[in-house]
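**Q** Chains as they are written, first to last, in my numbering: chain S, 2 to 98; chain U, 2 to 272. Where a beta carbon is used, it is the ideal one built from N, C-alpha and C, also for glycine.
1. Any C-beta of chain U sitting closer than 8 Å to the C-beta of residue 45 (chain S)?
2. Alpha carbon to alpha carbon, what distance is there between residue 199 (chain U) and residue 77 (chain U)?
3. Quick one: is residue 25 (chain S) buried, meaning 16 or more other Cβ sit within 10 Å of its Cβ, or exposed?
4. Between which two residues does the alpha helix (DSSP H) holding residue 218 (chain U) run?
5. Do you know offhand how far residue 9 (chain U)'s Cα is from residue 188 (chain U)'s?
6. Identify whether residue 64 (chain S) lies in helix, strand or coil by the three-state DSSP scheme.
7. Please go through the same chain and pick out, in chain order, the residues whose beta-carbon is closer than 7 Å to the beta-carbon of residue 63 (chain S), but skip the five residues on each side of it.
8. In three-state terms, what does DSSP make of residue 118 (chain U)?
9. Taking Cβ-Cβ distances shorter than 7 Å, what residues in chain U pair up with residue 28 (chain S)?
10. Among the residues of its own chain, which have a CB less than 8 Å from the CB of residue 232 (chain U), if the five just before and after it don't count?
11. Return yes when the Cβ of residue 20 (chain U) is within less than 8 Å of the Cβ of residue 140 (chain U), no when it is not.
12. Starting from the Cα of residue 155 (chain U), find the closest Cα among U:251, U:143 and U:186 and give me that residue.
13. Going by DSSP in three states, residue 195 (chain U) sits in which element: helix, strand or coil?
14. With 8 Å as the limit, tell me which residues of the region 224-241 of chain U have their beta carbon closer than that to any beta carbon of chain S; keep them in chain order.
15. Output needed for residue 16 (chain U): all residues of its chain with C-beta closer than 6 Å, excluding positions within five of it in sequence on either side, in chain order.
16. Taking all protein chains shown into account, decide if residue 249 (chain U) is buried (16 or more other Cβ within 10 angstroms of its Cβ) or exposed.
17. Determine the burial state of residue 219 (chain U): buried for a count of at least 16 other Cβ atoms within 10 Å of its Cβ, exposed for fewer.
18. Hey, quick one: how far does the alpha helix (DSSP H) through residue 254 (chain U) stretch, first residue to last?
19. Does any residue of chain U bring its CB to less than 8 Å from the CB of residue 76 (chain S)?
20. For a test of the three-state rule: what should DSSP assign to residue 125 (chain U), helix, strand or coil?
21. With 16 as the cutoff for other CB atoms within 10 Å, does residue 60 (chain U) come out buried or exposed?
22. Identify which residue in S:14, S:85, S:15 and S:22 has its Cα closest to the Cα of residue 56 (chain S).
23. Looking at residue 52 (chain S) and residue 108 (chain S), is the spacing between their C-beta atoms short of 8 Å?
24. For residue 131 (chain U), go through chain S and note every residue whose CB falls closer than 9 Å to its CB, in chain order.
25. Examine chain U for any beta-carbon lying closer than 8 Å to the beta-carbon of residue 94 (chain S), and answer yes or no.
26. Mark residue 14 (chain U) as exposed unless 16 or more other C-beta atoms lie within 10 angstroms of its C-beta, in which case mark it buried.
27. Give the straight-line distance between the Cα atoms of residue 33 (chain U) and residue 136 (chain U), rounded to the nearest whole angstrom.
28. Evaluate contact between the region 85-105 of chain U and the region 51-70 of chain U, counting only Cβ atoms and requiring at least three cross-stretch pairs below 8 Å.
29. Per DSSP, what kind of secondary structure is residue 93 (chain U) in: helix, strand or coil?
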């Protein structure tokens with residue numbers, strides 16, 4: 002619901018619903034961002050390392066997000082791979098051999 | 002078994018020190034042996050709120066650095082014999098606190114007290130992270146106001162990641178304490194209500210402390226609000242919260258001011 006509609010339905014003085022909506026939107030965003038620190042940065046690095054052994058990846062296309070919920074939290078891992086992902090980069094093969 | 006409880010918030014001025022003093026005194030009034038520690042190095046105030054400012058000789062940093070022994074730095078409350086204060090240093094800076102040193106002091110306190118209440122400084126820097134570092138439980142003091150709720154959310158994230166318990170894969174038991182609450186304004190939709198705050202923070206409620214003039218009156222005279230006037234609305238709210246900490250089931254209410262007979266007759270607000 003938009004803030005204007007909230008104002009309309011809850012009377013002129015009811016600013017609390019606006020506060021609530023602003024907080025919910027802000028925190029949903031910040032929890033994603035702040036989660037990136039420490040643990041998530043480590044997870045992201047290690048996941049990237051494991052997947053990179055087998056697939057050519059752009060490191061910028063690996064997203065790891067943690068969303069905190071009431072009873073459980075979800076860890077979301079989003080890795081974008083190119084269409085020819087099953088072909089390993091030849092340079093890496095040489096280095097490995 | 003001793004419990005280490007951090008009173009924290011992120012945001013300043015929401016009532017951490019007031020709440021530490023009030024909860025500490027209420028637990029002691031309930032028969033527990035309690036020590037309250039001020040972690041706000043350089044800006045100590047728990048001594049002032051407790052009325053012990055002229056009795057400080059040694060402090061937490063002296064003990065951490067081995068300059069003083071713990072019994073030399075502990076100050077016994079003048080009103081409650083099982084309530085003690087470990088003050089912060091006013092002259093040193095927060096870098097004088099070390100993780101290892103704080104751990105040693107907390108371990109020693111665990112063998113002497115039932116409750117160790119750590120009054121955290123505002124912010125998310127060293128003082129705040131060390132205050133929560135060894136906590137088993139946390140009280141997150143929150144005002145019904147957007148910036149306070151946002152900072153509480155941030156602190157909850159830190160309690161879940163930066164404490165010793167979190168690193169061991171264990172949980173810090175967290176409770177939200179809502180302070181400066183005005184039920185009438187919340188009912189009119191002018192203030193975030195309890196359900197809004199709890200839903201946003203997804204953390205259980207320890208108590209609701211109503212906005213009250215008694216809080217300032219108590220700090221003016223250097224007495225925890227639960228000792229200054231145990232019948233006042235905030236004192237009753239803190240006493241209920243302390244009973245919940247001790248594991249009692251206490252119905253959740255927002256205590257209201259009790260008006261005296263003459264005041265009621267004259268239609269005046271209770272002073």
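**A** In brief:
1. Counting from 1 along the first chain, the entry for residue 45 (chain S) is found at position 44. Closer than 8 Å: no.
2. Taking the second chain and counting its residues from 1, the one referred to as residue 77 (chain U) is at position 76. Taking the second chain and counting its residues from 1, the one referred to as residue 199 (chain U) is at position 198. Going from the Cα of residue 77 (chain U) to the Cα of residue 199 (chain U) covers about 36 Å.
3. Position 24 of the first chain, counted from the start, is the residue given in the question as residue 25 (chain S). When all chains shown are included, residue 25 (chain S) counts as exposed.
4. Numbered from 1 along the second chain, position 217 holds the residue referred to as residue 218 (chain U). Unbroken alpha helix (DSSP H) run through residue 218 (chain U): 214-221.
5. Taking the second chain and counting its residues from 1, the one referred to as residue 9 (chain U) is at position 8. Taking the second chain and counting its residues from 1, the one referred to as residue 188 (chain U) is at position 187. Each residue's alpha carbon lies about 27 Å from the other.
6. Translated into the one-based positions of the first chain, residue 64 (chain S) becomes position 63. Reduced to three states, the DSSP call for residue 64 (chain S) is strand.
7. Position 62 of the first chain holds residue 63 (chain S). When the five nearest sequence neighbours on each side are left out, the beta carbons in the same chain lying within less than 7 Å of the beta carbon of residue 63 (chain S) are those of 45, 48, 49 and 80, in order along the chain.
8. To locate residue 118 (chain U), count along the second chain from 1; it is residue 117. In this structure, residue 118 (chain U) counts as strand in the three-state DSSP scheme.
9. Residue 28 (chain S) sits at position 27 when you count from the first residue of the first chain. Neighbours of residue 28 (chain S) on chain U, chain order: 151, 154 and 201.
10. For the purposes of this step, residue 232 (chain U) is taken as residue 231 along the second chain, with counting starting at 1. Within the same chain, residue 232 (chain U) has close Cβ partners 259.
11. As a position in the second chain, residue 140 (chain U) is number 139, starting the count at 1. As a position in the second chain, residue 20 (chain U) is number 19, starting the count at 1. Yes, the Cβ-Cβ distance between residue 140 (chain U) and residue 20 (chain U) is below 8 Å.
12. Counting from one through the second chain, the residue named residue 155 (chain U) turns up at place 154. Of the candidates U:251, U:143 and U:186, the one whose C-alpha sits nearest the C-alpha of residue 155 (chain U) is U:143.
13. Residue numbering aside, residue 195 (chain U) sits at position 194 when the second chain is read from its first letter. Helix.
14. Cβ contacts with chain S: none found.
15. Taking the second chain and counting its residues from 1, the one referred to as residue 16 (chain U) is at position 15. Taking C-beta separations shorter than 6 Å and ignoring five residues to either side along the sequence, the partners of residue 16 (chain U) in its chain run 142 and 180, following chain order.
16. Translated into the one-based positions of the second chain, residue 249 (chain U) becomes position 248. Label assigned to residue 249 (chain U): exposed.
17. To locate residue 219 (chain U), count along the second chain from 1; it is residue 218. It is buried - the Cβ of residue 219 (chain U) has at least 16 other Cβ atoms within 10 Å.
18. Counting from 1 along the second chain, the entry for residue 254 (chain U) is found at position 253. Here residue 254 (chain U) belongs to no alpha helix (DSSP H), and DSSP marks it neither H nor E.
19. Translated into positions along the first chain, residue 76 (chain S) becomes position 75. With 8 Å as the cut-off, residue 76 (chain S) does not count as an interface residue toward chain U.
20. Position 124 of the second chain holds residue 125 (chain U). Annotated three-state conformation of residue 125 (chain U) is coil, per DSSP.
21. For the purposes of this step, residue 60 (chain U) is taken as the residue at position 59 of the second chain. Classification of residue 60 (chain U): buried, given that the 10 Å Cβ count is 16 or more.
22. Translated into the one-based positions of the first chain, residue 56 (chain S) becomes position 55. Of the candidates S:14, S:85, S:15 and S:22, the one whose C-alpha sits nearest the C-alpha of residue 56 (chain S) is S:85.
23. No answer is possible for residue 108 (chain S): the residues shown for chain S start at 2 and end at 98.
24. Here residue 131 (chain U) is taken as the residue at index 130 of the second chain, counted from 1. The contacting residues do not exist; residue 131 (chain U) stays about 17 Å from chain S at best.
25. In the first chain, the residue the question calls residue 94 (chain S) occupies position 93. In this prediction, residue 94 (chain S) has a pLDDT of 45, which is less than 50 and means its spatial position is unreliable; what the coordinates show is noted afterwards. It does not: the Cβ of residue 94 (chain S) has no partner Cβ on chain U nearer than 8 Å.
26. Residue numbering aside, residue 14 (chain U) sits at position 13 when the second chain is read from its first letter. Per the 10 Å Cβ criterion, exposed.
27. Sequence index remark: in the second chain, residue 33 (chain U) carries index 32 (1-based). Sequence index remark: in the second chain, residue 136 (chain U) carries index 135 (1-based). For residue 33 (chain U) and residue 136 (chain U), the distance between alpha carbons rounds to 18 Å.
28. Flag = yes, the region 85-105 of chain U and the region 51-70 of chain U touch.
29. As a working note, residue 93 (chain U) is residue 92 in the second chain. In the structure shown, residue 93 (chain U) sits in coil (DSSP, three-state: anything other than H, G, I, E or B).
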